[in-house]
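Read the structure below first, then the notes.
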Amino acid sequence: MNRKLSVPVSNMDAPSVHLAHAAFSVNRCPNCVSWSRENVLACGTCHSITLYNPQEKTVITTLNGHTGRVNCVQWIQKPDCSAETELVSGGSDKKVIIWRTEGFQLVHKDVLEGHTEAVCAVHAVYRSAESKDDLLVASAASDSTVRIWLRSQSKTECLQTLSFGNGFIQGVCLSFLPDTGVAILACGGDDSRVHLYVKQDGQFQKIQVLPGHEDWVRGVEFTINGKDMYLASCSQDSSIRIWKIFAKTSLESLKIDNEMIEENDLKLKENIFTVKEEGSEFTYAVTLESVLAGHENSVYAIHWQPSFMKDGSIVQPMSLLSASMDKTMILWEPDQESGVWLEQVRVGEVGGNTLGFYGCQFRPENSMIVAHAFHGALHMWHQNPNKQDEWIPMVVISGHFNSVQGLRWDPDGEFIVTVGTDQTTRLFAPWKRKGHVQITWHEIARPQIHGYDMQCVAMIGRFQFVSGADEKVLRVFAAPRNFIENFSQISNISVESLLSNENANLPEGATVPALGLSNKAVFQGDLSGPTIQEDTFSSVSDQYSQPYFQPLVLTEPPTEDHLLQNTLWPEVQKLYGHGYEIFSVACNDARTIVASACKASKREHAAIILWSTTSWKQIQSLPFHNLTVTQMAFSPNDKFLLAVSRDRNWSLWRKQEGIPTQSAEPHFTLHASTNKDTSVHSRIIWSCDWTPDSKFFVTGSRDKKVIVWGDCQVSDTQDDNSCASVKPCSSLLDVGDSVTAVGVNKANASAGSYIIAVGLDCGKILLYKWQNGIAENDWMKCYEMDQSLCHTLTVKQVCWRSKPGRAGHDDQDSAEWLQLASCGADHAVKIFNVKRSIFSL
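The opening position of the sequence shown corresponds to residue 1 in UniProt numbering, with each subsequent residue numbered one higher.
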């Protein structure tokens with residue numbers, strides 16, 4: 001059976017797979033979010049750019065092209081204020097990419113290579129309204145250079161390289177001097193100064209250096225109001241400076257040249273420079289307009305409100321937005337009478353173990369603002385139309401900010417739980433809004449915020465899970481009453497159907513003590529908080545109040561600060577037994593046994609431990625493998641436990657019938673396994689899963705092979721020593737890249753055929769149908785997800801919904817749809833709606 005084959009491919013042109021949800025977070029870099037005039041956010045997420053519609057609360061598409069982290073993104077504004085069609089980005093892969101879109105779908109990209117280190121800032125402008133193809137791009141990188149790129153007649157070349165010695169440029173901005181075609185470039189550096197360049201004779205020449213800041217300049221941005229140009233700069237010294245650049249008349253220039261300034265004149269210092277264009281000379285002055293000192297920590301980003309067309313002319317509102325590490329965004333405007341710049345609005349987040357904001361953006365018509373935070377979360381506010389000075393937080397997408405290691409559907413298929421190396425466990429569910437046809441997915445709880453990188457998770461019941469992290473302990477969590485009530489409201493499911501009589505004594509929520517590491521349950525009687533009088537403190541710690549959980553009734557998904565502080569689940573059990581960090585965990589369908597394994601380099605540590613979910617005691621240890629068990633899976637009929645390992649072998653354990661849970665007798669015995677001679681896989685086996693009839697199981701390996709094994713049906717009289725009965729049942733499927741995840745759907749495609757999803761190391765997800773009993777062409781590739789759908793880094797896990805239909809939808813014909821969830825090292829969690837008809841061909 002060890003033969004390779006050419007796989008037939010079914011018709012993959014039809015849109016049979018739709019992206020239902022993509023959870024993401026923004027990269028930990030300034031200027032990684034940009035808002036288009038058509039209300040689409042472009043966000044740098046890991047190695048990709050995600051286009052997100054905040055009005056519909058859905059991801060439109062993903063632009064993949066960078067091979068390193070995306071550090072900066074900008075929609076390229078058109079001179080006539082029409083909708084943007086291009087954006088520019090820079091990444092840690094040393095590349096600058098210009099993306100061209102139509103209907104927010106990628107149609108072309110130009111990759112600009114030349115930098116020798118990571119690109120950290122980028123900005124682009126069209127040269128004129130008439131020649132929309134001509135583009136000027138400035139990019140700053142960690143190689144201490146700023147490169148100027150010129151695209152003309154669809155060809156892009158490096159026009160000039162500006163060197164800054166050993167210094168670094170953190171922000172760049174291009175524009176054109178008012179009433180001229182002379183390009184001007186501002187660079188904010190780690191020397192606490194702003195460097196100004198103008199383009200003369202085809203090259204950029206330094207004309208001014210603006211001092212004043214006392215720490216690194218993090219951002220610079222131009223805007224033009226009438227005949228005056230304004231430059232805003234922000235710095236780690238917590239201040240913002242606004243510089244005014246304006247044209248000097250010939251008389252004023254003569255007065256300056258002849259130093260005809262009266263002694264009693266009190267004026268700010270003006271820095272004068274002259275530019276030439278088409279034989280004419282123009283003199284400009286740069287002066288400090290204002291210093292804004294309202295933030296209490298480093299200011300990482302500033303953004304002028306975009307201009308707009310009114311009565312045929314361009315109007316530029318004088319509104320400036322700033323984002324700081326003090327967890328606030330401030331909207332600044334000049335006073336109409338005095339011209340003094342004042343703080344108009346201040347928004348932000350309070351509490352939680354977070355740092356501040358890295359970037360900020362206006363929606364072009366000034367009705368919404370957004371910030372992205374240190375941990376990748378988006379924070380969005382919209383202006384109350386009835387009360388102009390009131391800004392209201394909005395529901396916005398969220399996700400992990402590091403690799404997502406594992407995910408599981410709940411037994412009823414209503415939500416998914418994910419774990420990641422960002423040390424969080426997150427819960428995503430569909431939001432069913434009354435009067436809305438569209439269903440959107442959102443993070444509605446963050447049950448665990450840990451101190452170790454999370455590695456694996458398994459559902460023990462509908463509202464109970466066990467998770468493993470880079471520690472020796474397994475932790476069990478159960479949902480509090482407040483979560484169940486809010487889940488009922490958001491998902492439009494009757495709360496009575498979710499709460500049973502057994503849940504009468506559920507805690508309301510959970511909190512983490514000041515010096516504790518475990519989520520402590522908060523009951524109804526605890527909600528009043530501590531009542532100890534000051535003179536009766538029994539210890540020093542009693543003087544400081546705990547961050548008590550506050551129950552809230554939600555009718556929409558929670559905001560980031562609520563997720564951080566108010567959605568923890570109580571920890572109900574700790575399981576001790578492993579000698580090293582937990583790596584994999586599984587639970588049987590009856591929810592009575594949990595299997596766990598840890599990292600191991602010796603046989604004694606690679607043993608699987610079985611736990612009872614009633615007593616939470618260890619009931620058996622299963623030693624066999626010599627290296628880490630990478631994944632485990634119980635068969636749907638609970639008769640078998642399958643384990644795959646780094647030692648390139650798998651082991652199949654058979655449940656012994658009739659043995660009580662508390663009995664000391666072995667509950668599982670080794671039924672079948674592979675060894676060095678019989679193992680078909682030649683590299684680490686990363687993943688495994690069972691077919692719904694428990695007859696076969698699937699393994700996927702780093703050797704690029706997927707194999708179906710069986711037959712695992714056994715009779716009660718069969719001899720346990722039946723290793724020879726489990727053999728490869730399929731031909732060897734070579735998918736062309738390391739296989740890191742496999743998942744078998746619980747519904748068969750047809751009689752004797754099975755639906756299998758395969759996740760690869762490169763990020764691709766392939767959908768196959770395997771037909772049992774066919775000697776040749778038993779594998780059929782039914783769908784290969786294109787680049788805009790799939791992950792950009794390793795697929796860590798794929799998991800089908802346990803029942804047909806789409807979660808949150810009242811499908812008339814639910815059997816037509818299947819749902820697949822996936823997670824990857826690209827920080828993404830994705831949910832796909834898959835038409836079942838593609839497997840019927």
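Every residue gets a Cβ at the ideal spot worked out from N, C-alpha and C, and that includes glycine.
Fair warning: this is a prediction, and the values are worked out from it, not measured in the lab.
Between residue i and residue j, how many whole angstroms is the CB-CB distance? I'm expecting something under 8 Å.
i    : j    : result
V572 : F477 : 7 Å
E343 : W332 : 6 Å
D110 : H66  : About 13 Å; that fails the 8 Å criterion.
N53  : N39  : 7 Å
A121 : C72  : 5 Å
F640 : L622 : Not really, about 12 Å apart at Cβ, beyond 8 Å.
C173 : E221 : 5 Å
If we count the other Cβ atoms within 10 Å of its Cβ and call it buried at 16 or more, is residue i buried or exposed?
i           : result
D826        : buried
N721        : Because the pLDDT of N721 is 49, which lies under 50, any placement of that residue in the model is unreliable, and the number read from its coordinates should be weighed accordingly. That one is exposed.
H108        : exposed
E86         : buried
D237        : buried
Y576        : exposed
M632        : buried
G171        : buried
N384        : exposed
E471        : buried
A664        : exposed
Q305        : buried
residue 871 : What the structure shows of the chain is the stretch from 1 to 841, and residue 871 is not part of that stretch, so it cannot be assessed.
Nearest by alpha-carbon distance to residue i: which of the options is it?
i    : options                : result
E485 : L499, K472, V473       : L499
I245 : F487, L159, Y230, Q489 : Y230
L627 : F640, T61, V644, K617  : V644
L321 : G91, H450, V706, W381  : W381
D453 : I490, G406, G773       : G406
A741 : W800, G189, F428, A247 : W800
P570 : P480, S584, A633       : P480
R806 : G413, I619, K695, Y754 : G413
L162 : I148, I184, K248, F624 : I148
W341 : I330, W817, Q448, G509 : I330
L106 : V396, T61, I76, A138   : T61
E270 : K276, E277, A247, L292 : A247
H442 : E56, R28, N27          : E56
C782 : S840, K764, G736, A828 : S840
D326 : T287, E816, A371, Q438 : A371
T156 : L136, A458, S367       : L136
L564 : K95, H667, I444, Q489  : I444
Q74  : N31, G114, G68         : N31
In whole angstroms, give me the CA-to-CA distance for residue i and residue j.
i    : j    : result
F637 : Y580 : Residue identity differs from the one stated: residue 637 is Asn in this sequence, not Phe. Answer to the nearest angstrom: the Cα atoms are 31 Å apart.
C823 : H47  : 15 Å
S731 : A775 : 8 Å
R37  : E84  : 7 Å
T50  : A323 : 21 Å
Y768 : V758 : 8 Å
D143 : I98  : 21 Å
A607 : F415 : 31 Å
S752 : P804 : The question names Ser, yet the displayed sequence has Gly at residue 752. Approximately 18 Å, taken between the alpha carbons.
D734 : I756 : 14 Å
M1   : V726 : Only weak support is given to the placement of M1: the predicted model assigns it a pLDDT of 42, under 50, and the value that follows is read from those uncertain coordinates. Taking the straight line from one Cα to the other gives about 13 Å.
M309 : L474 : 59 Å
T418 : Q819 : 16 Å
W817 : I439 : 15 Å
A140 : C187 : 9 Å
V396 : P557 : 9 Å
H379 : S34  : 14 Å
V553 : A377 : 22 Å
L112 : E784 : 29 Å
E263 : T328 : Its pLDDT being 44, under 50, E263 is placed unreliably in this model, and the value from its coordinates should be taken loosely. Spanning the two alpha carbons is a distance of roughly 44 Å.
S233 : A124 : 18 Å
With a cut-off of 9 Å, does the C-beta of residue i fall near any C-beta of chain D?
i    : result
E571 : As a matter of chain content, chain D is missing from the structure shown, which is built from one protein chain.
Decide yes or no for the touch test of the region 512 to 522 against the region 597 to 612: beta carbon pairs closer than 8 Å, at least 3 of them.
Verdict: no, contact absent.
Within the chosen definition, does the region 177 to 192 reach the region 274 to 288 through at least 3 CB pairs nearer than 8 Å?
With the cut-off at 8 Å, the region 177 to 192 and the region 274 to 288 touch.
Pairing CB atoms from the region 679 to 688 with CB atoms from the region 701 to 713, are three or more of them under 8 Å?
Contact between the region 679 to 688 and the region 701 to 713 is present, because at least three Cβ pairs lie under 8 Å.
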